[in-house]
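Written below as structure tokens is the structure these notes are about.
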């Protein structure tokens, strides 16, 4: 297919490369233009704006930082809406507000441009290896049409519901992740303070009812008190802002998530915002006197 | 081996039966004597007190409700200490205080009776099927000697450290479980309030970084708002009392666990103490207006 990809961050650049490798034609654009260069070297065309990138293609993918960035790229005066042809599909793979997603999709629909929200999880490793989980919101025939490109980037691709459902599923993912990281951080800190051999404790727990991906893959960071990337604390906090906006709109009680948000504020104010999210344990350790 | 088993609750009766089936000689005792009957029918001898049960056997297992029960059964005037021969091993499989465990072990040691703390996880199903996880504290040669009996009851048997380490590991298990149940409860409630198809959401999340045993096995309860057993809320709260005692003694900061303890207080005061721990979602749903 003929694809435009806007946003050459760590995630976007790796995802665009996998689309190229799958044999599609790709045009790339990034606000800081030199970030387009590695993709151009791999065979992509470059475009000077989202508007130019979107011209004539079948699919326009956006993977940018936050809600206002998607609004600007999609609807701005050099945005996708200015040039995309009717029937071209916009796939937003950023993590942004579900309600703003519905607003952008409604605006694009006035020009006959369907939109999918398709945020991902699986981190930079998943982006490189094409093994991302992709949570897709939108209409089923549109998801079907975009599938050859989506499947070049991810493995577990789930069509969860209508427009906005992908973003809401990502929000739920971040809520659950927040609580599980805190749970494991508290358990690890209790064990360290009690003088236990934590590798044995993790082994004893990992097959049972308190088992989780975080216990298996991130408790080691917490035991060593070292938090290499990973998924940055400040990015998770950005996602929690989206979660909390949705919780306010819908009236949902999220006391555990609220607690983790405050812990992340503390970590960021201490200068740990670029550590992996498992750094939640850094704060629990500090308050327990095991730094 | 020649085994005494004290405590014929749901867990203890099933565990004693598996020891019998493995070909050991078993003497059973329970405060409410009629609970010994099914085991007697299966070939166990009955004893009128812990003291009588412990006489002449190689291993005495205790599986009772709480810390004072273990103290009474082990050290009371009709307790194990009155009759057990030097070298007989006491294995406490209840979930009780790590620090009291060390005190009981020290007392038994004055008579030459070594003790293991060996609390379990895996629930009544694991007890019936002999697939419990067993977290063992004590000295390595003692663990080795008790292994033929332990392995009749469980699959994942981990010697985590010295006396008390098994109980502390169980405490950590309950800390981590508390947080993961809350995390999944908040995510499920947000999704329900947003009108998502939660089976699809669970499918999208289960292979990724927010995946857990609770998400895979208990989110269904939370989606349906039905909480059959399982593991009772009131028993988990009992275990959290042990956790909080240890946290006070050691000076550990457990804000998420403290939050879950309060949620359990609320559930129990509403009459939901005998529901499965996944009922944490009942309270999050209530406060979010989705009952």
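Chains as they are written, first to last, in the numbering used here: chain U, 521 to 811; chain X, 521 to 811.
We put the CB at the ideal spot given by N, CA and C, even for glycine.
This one's a predicted model, so the numbers in the text were calculated from it and none came from an experiment.
Asked                                                                                                                  : Found
Identity of the residue in 523/U, 551/U, 559/U, 808/U nearest residue 534/U by Cα                                      : 559/U
CB contact check: residue 706/U to chain X, cutoff 7 Å                                                                 : yes
Chain X within 7 Å of residue 721/U, Cβ atoms only                                                                     : yes
Which residues DSSP lists as bridging residue 681/X, in chain order                                                    : 657/X
Cβ separation of residue 721/U and residue 689/X, assumed to be a contact under 8 Å, to the nearest whole Å            : 5 Å
Completely contained alpha helix (DSSP H) runs for the region 708-733 of chain X, where each covers 4 or more residues : 718-726
Residue 640/X, DSSP secondary structure in three states                                                                : strand
Any C-beta of chain X under 7 Å from that of residue 748/U                                                             : no
Under 7 Å from the C-beta of residue 807/U: neighbouring residues of chain X                                           : 773
Three-state secondary structure (DSSP) of residue 645/U                                                                : helix
Residue 542/X versus 570/X, 564/X, 526/X, 692/X, residue with shortest Cα-Cα distance                                  : 564/X
Per DSSP, the bridge partner or partners of residue 525/U                                                              : 548/U, 581/U
Euclidean distance between Cα positions of residue 802/U and residue 592/X                                             : 41 Å
Beta-bridge partners of residue 635/X, as assigned by DSSP                                                             : 610/X
Neighbour flag for residue 563/U against chain X, beta carbons, 7 Å                                                    : no
Helix, strand or coil at residue 796/X according to DSSP, with G and I counted as helix                                : strand
Exposed unless 16 or more other CB atoms sit within 10 angstroms - verdict on residue 737/U                            : exposed
Contacts of residue 791/U in chain X (Cβ-Cβ under 8 Å)                                                                 : Those within 8 Å of residue 791/U in chain X number zero; the least Cβ separation is about 20 Å.
Chain X contact residues for residue 804/U, given Cβ-Cβ distances below 7 Å                                            : 773
Contact residues within the region 671-683 of chain X, judged by C-beta distance below 8 Å to chain U                  : 676, 678, 679, 680, 681
Cα-Cα separation, residue 609/U to residue 617/U                                                                       : 19 Å
Residue 674/X - DSSP class collapsed to helix/strand/coil                                                              : strand
Rounded C-alpha distance that separates residue 726/U from residue 792/U                                               : 28 Å
Short-range partners of chain X found in the region 651-665 of chain U, where Cβ spacing is below 7 Å                  : 653, 655
Cα-Cα separation between residue 528/U and residue 694/X, rounded to whole angstroms                                   : 43 Å
DSSP three-state assignment for residue 752/U, whether helix, strand or coil                                           : strand
9 Å Cβ cut-off: residues of chain U touching residue 717/X                                                             : 680, 681, 685
CB of residue 662/X within 7 Å of CB of residue 634/X, strictly                                                        : yes
Per DSSP, the bridge partner or partners of residue 652/U                                                              : 674/U
Beta-carbon spacing of residue 684/X, residue 638/X below 7 Å                                                          : no
Buried/exposed call for residue 768/U, threshold 16 Cβ in 10 Å                                                         : exposed
Between the CA atoms of residue 603/X and residue 729/X - distance to the nearest angstrom                             : 53 Å
Sub-7 Å separation of residue 781/X and residue 747/X beta-carbons                                                     : no
Three-state secondary structure (DSSP) of residue 566/X                                                                : strand
Nearest candidate by alpha-carbon position, reference residue 647/U, set 771/U, 760/U, 671/U, 600/U                    : 671/U
Euclidean distance between Cα positions of residue 691/U and residue 711/X                                             : 9 Å
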